[in-house]
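Enquirer: Before anything else, here's the structure in question.
There are 2 protein chains.
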Amino acid sequence: MAMMDVPLNSWLIFENAPKHAAGTEIVSQTGPDTLHRYTYADFGKRTQQLMHALDRLGLEPQDRVATLAWNGYRHLECYFAIPCTERVLHTLNLRLSPEDLTYIIGHADDRVILADPDLLPILEKIGEGLKSVKTVVVLGDSVPDHSLSTDVVAYEDLIADESESYPRPDIDEQTPLGICYTSGTTGRPKAAVYTHRSNYLHTIMASSGAGLSIGPSDCTLPIVPMFHANAWGIPFAATAVGAKQVFAGAHLDPKTVVDLLTNEAVTVSAGVPTIWMMVADELATRDTKPPALRHLVCGGSQPPRALMERYVNEFGIPFVQAWGMTETSPLASIAWPKHKMRDWSDEQLTDNVRTRAGLPVPGVEVTLRDESGNGVPWDGTSLGNLFVRGPFIIDSYLKGDGAEQFTEDGWFATGDVAIGDPDGYFVIADRTKDLIKSGGEWISSVDMEGAIMAMPGVDEAAVVAIPDEKWQERPLACVVVREGASVTVDDVKAHLEGRGWARWQLPDRVEIIEAIPKTGVGKFDKKVLRSQFG
Amino acid sequence: MAMMDVPLNSWLIFENAPKHAAGTEIVSQTGPDTLHRYTYADFGKRTQQLMHALDRLGLEPQDRVATLAWNGYRHLECYFAIPCTERVLHTLNLRLSPEDLTYIIGHADDRVILADPDLLPILEKIGEGLKSVKTVVVLGDSVPDHSLSTDVVAYEDLIADESESYPRPDIDEQTPLGICYTSGTTGRPKAAVYTHRSNYLHTIMASSGAGLSIGPSDCTLPIVPMFHANAWGIPFAATAVGAKQVFAGAHLDPKTVVDLLTNEAVTVSAGVPTIWMMVADELATRDTKPPALRHLVCGGSQPPRALMERYVNEFGIPFVQAWGMTETSPLASIAWPKHKMRDWSDEQLTDNVRTRAGLPVPGVEVTLRDESGNGVPWDGTSLGNLFVRGPFIIDSYLKGDGAEQFTEDGWFATGDVAIGDPDGYFVIADRTKDLIKSGGEWISSVDMEGAIMAMPGVDEAAVVAIPDEKWQERPLACVVVREGASVTVDDVKAHLEGRGWARWQLPDRVEIIEAIPKTGVGKFDKKVLRSQFG
Numbered sequence: 022m023a024m025m026d027v028p029l030n031s032w033l034i035f036e037n038a039p040k041h042a043a044g045t046e047i048v049s050q051t052g053p054d055t056l057h058r059y060t061y062a063d064f065g066k067r068t069q070q071l072m073h074a075l076d077r078l079g080l081e082p083q084d085r086v087a088t089l090a091w092n093g094y095r096h097l098e099c100y101f102a103i104p105c106t107e108r109v110l111h112t113l114n115l116r117l118s119p120e121d122l123t124y125i126i127g128h129a130d131d132r133v134i135l136a137d138p139d140l141l142p143i144l145e146k147i148g149e150g151l152k153s154v155k156t157v158v159v160l161g162d163s164v165p166d167h168s169l170s171t172d173v174v175a176y177e178d179l180i181a182d183e184s185e186s187y188p189r190p191d192i193d194e195q196t197p198l199g200i201c202y203t204s205g206t207t208g209r210p211k212a213a214v215y216t217h218r219s220n221y222l223h224t225i226m227a228s229s230g231a232g233l234s235i236g237p238s239d240c241t242l243p244i245v246p247m248f249h250a251n252a253w254g255i256p257f258a259a260t261a262v263g264a265k266q267v268f269a270g271a272h273l274d275p276k277t278v279v280d281l282l283t284n285e286a287v288t289v290s291a292g293v294p295t296i297w298m299m300v301a302d303e304l305a306t307r308d309t310k311p312p313a314l315r316h317l318v319c320g321g322s323q324p325p326r327a328l329m330e331r332y333v334n335e336f337g338i339p340f341v342q343a344w345g346m347t348e349t350s351p352l353a354s355i356a357w358p359k360h361k362m363r364d365w366s367d368e369q370l371t372d373n374v375r376t377r378a379g380l381p382v383p384g385v386e387v388t389l390r391d392e393s394g395n396g397v398p399w400d401g402t403s404l405g406n407l408f409v410r411g412p413f414i415i416d417s418y419l420k421g422d423g424a425e426q427f428t429e430d431g432w433f434a435t436g437d438v439a440i441g442d443p444d445g446y447f448v449i450a451d452r453t454k455d456l457i458k459s460g461g462e463w464i465s466s467v468d469m470e471g472a473i474m475a476m477p478g479v480d481e482a483a484v485v486a487i488p489d490e491k492w493q494e495r496p497l498a499c500v501v502v503r504e505g506a507s508v509t510v511d512d513v514k515a516h517l518e519g520r521g522w523a524r525w526q527l528p529d530r531v532e533i534i535e536a537i538p539k540t541g542v543g544k545f546d547k548k549v550l551r552s553q554f555g
Numbered sequence: 022m023a024m025m026d027v028p029l030n031s032w033l034i035f036e037n038a039p040k041h042a043a044g045t046e047i048v049s050q051t052g053p054d055t056l057h058r059y060t061y062a063d064f065g066k067r068t069q070q071l072m073h074a075l076d077r078l079g080l081e082p083q084d085r086v087a088t089l090a091w092n093g094y095r096h097l098e099c100y101f102a103i104p105c106t107e108r109v110l111h112t113l114n115l116r117l118s119p120e121d122l123t124y125i126i127g128h129a130d131d132r133v134i135l136a137d138p139d140l141l142p143i144l145e146k147i148g149e150g151l152k153s154v155k156t157v158v159v160l161g162d163s164v165p166d167h168s169l170s171t172d173v174v175a176y177e178d179l180i181a182d183e184s185e186s187y188p189r190p191d192i193d194e195q196t197p198l199g200i201c202y203t204s205g206t207t208g209r210p211k212a213a214v215y216t217h218r219s220n221y222l223h224t225i226m227a228s229s230g231a232g233l234s235i236g237p238s239d240c241t242l243p244i245v246p247m248f249h250a251n252a253w254g255i256p257f258a259a260t261a262v263g264a265k266q267v268f269a270g271a272h273l274d275p276k277t278v279v280d281l282l283t284n285e286a287v288t289v290s291a292g293v294p295t296i297w298m299m300v301a302d303e304l305a306t307r308d309t310k311p312p313a314l315r316h317l318v319c320g321g322s323q324p325p326r327a328l329m330e331r332y333v334n335e336f337g338i339p340f341v342q343a344w345g346m347t348e349t350s351p352l353a354s355i356a357w358p359k360h361k362m363r364d365w366s367d368e369q370l371t372d373n374v375r376t377r378a379g380l381p382v383p384g385v386e387v388t389l390r391d392e393s394g395n396g397v398p399w400d401g402t403s404l405g406n407l408f409v410r411g412p413f414i415i416d417s418y419l420k421g422d423g424a425e426q427f428t429e430d431g432w433f434a435t436g437d438v439a440i441g442d443p444d445g446y447f448v449i450a451d452r453t454k455d456l457i458k459s460g461g462e463w464i465s466s467v468d469m470e471g472a473i474m475a476m477p478g479v480d481e482a483a484v485v486a487i488p489d490e491k492w493q494e495r496p497l498a499c500v501v502v503r504e505g506a507s508v509t510v511d512d513v514k515a516h517l518e519g520r521g522w523a524r525w526q527l528p529d530r531v532e533i534i535e536a537i538p539k540t541g542v543g544k545f546d547k548k549v550l551r552s553q554f555g
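Just so you know, the protein sequences line up as chains F and V, in that order. Take any residue in the first sequence, count from 1 to its spot, add 21: that is its number in this note's numbering. Take any residue in the second sequence, count from 1 to its spot, add 21: that is its number in this note's numbering.
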């Protein structure tokens with residue numbers, strides 16, 4: 022060996038902050054008006070206490086330990102104590118149905134669940150589905166009344182008497198570290214298994230200037246939940262570099278978010294478009310703007326153009342789009358502008374950068390292919406199926422599920438259709454299955470949704486394909502009209518025509534609806550719309 | 022496997038930029054008034070042509086291929102073509118003596134040397150020492166007159182007819198990628214061997230917000246040479262993220278450097294204190310300051326406090342100290358301020374952050390130990406021997422040299438003595454061998470040098486230990502007085518006393534000298550001073 026054989030495991034991410042950022046704060050919203058504050062020194066001690074406590078629960082290496090929790094400091098302790106003792110962190114999505122949770126808990130064979138006290142009713146609904154689970158740990162200092170038949174203990178009791186120092190084991194980097202289930206708008210949820218190595222590589226990449234750009238001077242606030250694709254890796258990256266961390270808990274109302282952004286001097290935050298829309302409305306009412314924000318990252322689905330323009334023009338806050346999937350750890354691309362664009366106008370940047378899913382992050386390669394598997398040119402117009410490859414992208418789902426998404430030559434088929442441009446950015450045109458195939462031509466439902474959501478008076482819009490005898494498929498638009506506004510079917514068609522859409526592309530039907538059904542992670546659930554209107 | 026088995030090799034760093042930053046520029050100063058400009062698209066094609074050309078030269082996998090070159094685009098092509106074809110990149114330090122170069126070329130068994138035309142005289146002086154070398158490639162479009170007895174070909178002729186596309190081989194990440202020799206102020210130079218894996222990990226770390234912070238919006242100008250510890254990894258990191266790159270070639274005069282910083286809108290630059298001193302004097306004469314600089318990184322030796330104050334106060338340019346060694350790839354720590362310090366005054370930041378070697382970068386662990394191997398407290402005063410560990414730190418030198426620097430429990434002994442503070446930063450107090458042991462107490466030569474260099478009229482100062490019968494060792498200060506200024510021995514002593522130095526710490530002798538002798542990489546050569554005055 023020429024170089025030290027140091028395995029890329031969680032200890033390498035965990036160990037520095039308690040020593041070199043001992044006095045740096047981790048702040049958690051624990052009630053509507055209450056904050057919990059402590060430091061990395063405290064975090065380091067308590068996390069090592071939890072490591073000992075997990076041993077005492079009789080867990081074996083590689084046993085699955087689940088969390089059912091909001092973003093907060095105890096959840097962060099779980100993020101490290103579980104993998105640092107060679108167990109596998111399984112973050113349960115608290116928005117899934119009891120049926121899906123039952124399936125997932127059984128599929129993963131979870132042995133322990135650490136749950137926030139207000140989320141115990143979810144476990145109570147699962148009931149018999151918890152048969153693999155020996156112990157439920159309530160993330161608090163007492164156990165509320167409950168009807169669970171498993172052992173139930175309070176987190177603070179569990180760790181109280183443990184040593185604050187845990188001897189670092191030698192964990193091979195290929196060891197599984199965590200499991201996340203995809204939300205699955207079709208079929209059963211499937212599980213991505215992260216390894217210590219893949220998580221280390223994703224973590225350092227996430228801190229990169231080509232990733233989320235996080236260093237010791239930063240303060241992060243992930244609005245994206247820790248139960249969804251590890252909050253895009255932000256808690257790991259912030260810990261690795263010793264950044265201040267802020268968590269909003271269950272308090273995702275825009276007032277609380279803006280208070281945290283402002284009072285804690287957050288520098289980097291990340292969330293889905295829906296959150297940033299609500300936050301924008303709240304920001305507009307404030308005299309004092311967040312004082313230190315360097316950039317907001319937006320992912321999960323294509324943000325409306327009007328939203329990015331609002332942040333940039335009205336608030337002067339850089340707004341950066343990112344793209345990824347549970348299967349890609351999840352960050353795969355981020356839309357940073359290039360050095361040559363530093364004198365571009367905001368309009369040019371929005372046209373060519375902010376509206377893109379981004380440039381692939383270091384370590385990730387992307388390719389666009391047609392139906393025959395041939396490369397598609399990056400010319401700004403050609404559509405291609407999007408494939409990705411890299412050391413933090415899965416090469417299989419747990420238990421062999423979804424094998425058809427892995428190509429023989431080593432790529433992961435994302436199920437997205439994208440367009441690449443000559444500057445190297447790509448934009449997601451659609452999910453393969455949401456693309457509308459009308460008379461041999463493709464219509465992008467995502468583009469049409471963006472165009473309709475740019476209309477004044479429109480809150481949300483979802484476009485789905487409806488079977489058609491003559492054209493095979495035709496677009497149908499579902500539109501949510503803002504309270505007090507008036508938008509007619511003809512308005513929508515006229516607006517699209519005015520924005521350059523061709524006659525044949527216009528939706529045959531426009532349905533004005535109350536709300537767009539959403540999946541457990543807040544994405545439009547088009548399956549429901551298709552069955553309702555199809 | 023849960024995650025794709027993608028090896029961490031140079032291709033993963035190389036491949037994205039020509040595709041996703043195709044139009045981004047690489048700019049090289051090629052003459053006093055001439056610049057060469059091309060794009061990553063050109064770079065990608067030419068580098069792959071060079072890969073084919075190396076094959077045609079009959080090189081085997083793992084053969085050593087050396088460069089003897091200034092910073093520039095052809096050198097960057099070598100940085101990738103050599104490891105991407107499984108050969109080992111050996112960057113020769115052009116400032117070494119012919120004797121050291123002869124030793125190093127033989128020790129590494131170099132088969133090919135790619136050399137800048139103006140550096141051929143160095144090879145001519147080596148003569149017989151080139152017996153392992155089959156071919157010298159002149160980095161230009163023609164071969165100048167020379168007296169070499171090896172084959173000599175012009176780079177542009179060599180690559181001209183080759184294909185611009187090279188099939189990507191499967192390179193195991195543990196394969197050696199490069200060799201750098203330490204400058205060695207004592208004994209023979211020793212070689213650090215970097216692997217594809219260690220270089221990938223260092224590269225992504227270098228782009229981190231906790232590293233040098235480099236993304237697609239950046240433009241880098243490494244003043245530190247590509248023949249010294251891979252220019253601190255900047256060319257690799259900038260390529261990985263598709264940043265614009267600028268190289269100064271042989272033109273390291275402050276006028277050229279400031280012109281490049283300004284005209285090319287450089288955002289991140291890095292160099293040794295001597296360079297930044299000269300650049301500061303030049304900047305002071307300019308009306309137009311560099312428009313886009315985000316930070317200057319300074320390493321190689323402890324920068325004088327007056328220098329950092331000048332950049333911060335006079336030019337408003339963030340000045341960040343970094344520390345590392347050839348053996349640490351080389352970046353091991355960087356002195357970023359923390360979020361909690363955002364309201365600190367410049368004086369507080371200089372006192373507590375800028376004057377520090379920094380916080381360990383992600384992946385690197387540091388520890389301070391006393392002579393018995395016990396941990397030393399991070400209390401801001403205790404001195405300890407500095408040890409480092411991490412996946413891009415060597416665990417041996419080539420051919421087993423210097424085995425005493427590796428501990429049984431897996432740490433590398435840096436040979437530096439450092440002080441840690443409660444905020445987690447450390448400062449290099451001295452090289453172990455440069456520390457002055459006077460009557461059982463230690464005096465830091467680096468601290469005393471810094472204090473003397475803060476005197477008006479002093480250009481440089483070096484402090485060495487002189488053997489003393491009574492006290493074992495006593496300090497001697499060598500001072501270079503600025504032209505036109507007057508500094509006496511008594512002035513130096515009075516200045517030190519006024520800055521809080523104790524009587525017993527003051528140097529017994531102060532020698533006013535013309536210039537401080539330097540090593541091949543520009544560090545003070547205290548070996549020479551000790552033999553001259555000892």
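Note that beta-carbon positions come from the ideal geometry of N, C-alpha and C, so glycine has one too. Keep in mind that this is a model prediction, so the values were computed, not measured.
1. Return helix, strand or coil for F/Thr288, following the three-state DSSP convention.
2. Alpha carbon to alpha carbon, how far is F/Leu233 from F/Lys359?
3. Would you list, in sequence order, the uninterrupted beta strand (DSSP E) runs of no fewer than 3 residues that lie entirely inside the segment 468 to 542 of chain F?
4. Please state whether DSSP places F/Ile338 in a helix, a strand or coil.
5. Rounded to the nearest angstrom, how far is the Cβ of F/Arg410 from that of F/Thr376, given a contact under 8 Å?
6. Taking all protein chains shown into account, decide if F/Gln369 is buried (16 or more other Cβ within 10 angstroms of its Cβ) or exposed.
7. What did DSSP end up calling V/Arg390 once you bin it into helix, strand or coil?
8. Determine, using beta carbons only, whether F/Ala181 and F/Leu135 come nearer to each other than 8 Å.
9. Going by C-alpha to C-alpha distance, which of V/Asp468, V/Thr88, V/Ala536, V/Gln195 sits closest to F/Ala23?
10. Can you tell me the Cα-Cα spacing of V/Ile464 and V/Gly471, whole angstroms?
11. Is it buried or exposed for F/Gln69, if we count other Cβ within 10 angstroms and need 16 for buried?
12. Check whether the segment 335 to 345 of chain V and the segment 390 to 403 of chain V touch, using three or more Cβ-Cβ pairs below 8 Å as the test.
13. To which residues of the same chain is F/Gln493 closer than 6 Å at the C-beta, ignoring the five residues directly before and after it?
14. Does the pairing of the segment 287 to 303 of chain F with the segment 515 to 529 of chain F give three or more beta-carbon distances under 8 Å?
15. 8 Å is my cut-off, CB to CB: does F/Gly431 come that close to chain V?
16. Within a Cβ cutoff of 6 Å, which residues of the same chain sit near V/Lys66, ignoring the five residues on either side of it in sequence?
17. What residues in its chain sit with their C-beta under 6 Å from that of V/Glu481, if we drop five residues either side in the sequence?
18. Below 8 Å on C-beta distance, what does F/Ala627 contact in chain V?
19. Since V/Trp291 contacts V/Trp253 with CB under 8 Å, what's their CB separation in whole angstroms?
20. By Cβ distance, which residues of its chain are closer than 7 Å to V/Pro488, with the 5 residues on each side in sequence left out?
21. Listed in chain order, which residues of the segment 411 to 438 of chain F have Cβ atoms closer than 8 Å to some Cβ of chain V?
22. Expressed to the nearest angstrom, what Euclidean distance is found between the alpha-carbon atoms of F/Asp130 and F/Thr306?
23. Mind checking the segment 504 to 528 of chain F against chain V and listing, in chain order, the residues whose C-beta falls within less than 9 Å of any C-beta there?
24. At a cut-off of 7 Å, would you count V/Leu151 as near the ligand COA, judging by its Cβ distance to the nearest heavy atom?
25. Can you look up V/His249 in the DSSP assignment and give me helix, strand or coil?
Expert: Taking the coordinates as given:
1. coil
2. 15 Å
3. 479 to 489, 493 to 502, 530 to 534
4. coil
5. At roughly 25 Å, the Cβ-Cβ gap does not stay under 8 Å, so F/Arg410 and F/Thr376 are not in contact.
6. exposed
7. strand
8. no
9. V/Gln195
10. 13 Å
11. buried
12. no
13. Lys458
14. no
15. yes
16. Glu185
17. Val501, Ile537
18. Residue 627 of chain F cannot be examined here, being either before or after the span of chain F that is shown, 22 to 555.
19. Checking the sequence, you will find Ala at residue 291 of chain V rather than Trp. About 6 Å separates the two Cβ atoms, so the contact holds.
20. Glu494, Gly555
21. Gly411, Pro412, Phe413, Ile414, Ile415, Asp416, Ser417, Leu419, Gly431, Phe433
22. 48 Å
23. none
24. Among the components modelled here there is no ligand, and therefore nothing to report on the ligand COA.
25. coil
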